[in-house]
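This report concerns only the one structure given below.
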Amino acid sequence: MDESFNRACLLEHNRLREKHGCPPLTLDSKLTKDAQEYAEFLAKVECFVHSSGDHGENMSLRVGFGKLNITGEEVTNLWYREIENYKYGDKVQMECGHFTQVVWKDTKKAGFGRAYTKDGRKIYVVGRYYPPGNYQGCCKLNVPRPIS
C-alpha cells in the first residue's frame, strides 16, 4: 500500500470538504486495504466496473504511453471537478456522483488504492468511503454549497 498516495488523497479530500463546511475524513485501514486490493484486481483483469458492498466508491482510470502517474491530489480534483455540473437539491445526479461522494457530509472515513496494469499503460484508482453517500432524498443535507 502506498501511504503517501493515501495521505495525499485524504488531505485533498479534507481540504475540499472544508470548503463545503463538511467534517474531515479519517483514513481507515480496512477501506484502504480493500480499495488497494480492488484496484489491483481491476488492473489485472483490465476491467472498469464498480464493486458491490456497503461502502461508497469512486474510481478512475488513466490510460497512456510512457511513464504514467496520477497523484492523490490529481485524482481527488478529477472527481471533485464534477461540481461544475452539479445542480444543488435533493436528487442524486449520477454524472456528479464522484463529486458528491467526495463532499458527502455523513461520510466519516475513507481509503484509497492505486494499481498499474502489467504493461504500465493503465492506472486504476479506487476510493472507498463509509458510510456511503449518494442516497436519494439526502443530497440537500449532505452536499452543501461551498461556504465561500
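Mapped onto the working numbering, the consecutive letters of the sequence shown carry residue numbers 47 to 194. Even glycine gets a Cβ: it sits at the ideal position worked out from N, Cα and C.
Is residue 188 closer than 8 Å to residue 165 when the C-beta atoms are compared?
-> no
How is residue 143 classed by DSSP in three states: helix, strand or coil?
-> helix
Provide the residue span of the beta strand (DSSP E) that contains residue 95, from first to last.
-> First-last for residue 95: undefined, no H or E at that position.
Taking the alpha-carbon positions, what's the residue 85 to residue 70 distance?
-> 24 Å
Would you check if the distance between the CB atom of residue 141 and the CB atom of residue 128 is smaller than 8 Å?
-> yes
Confirm, please, whether the CB-CB distance from residue 107 to residue 94 is below 8 Å.
-> yes
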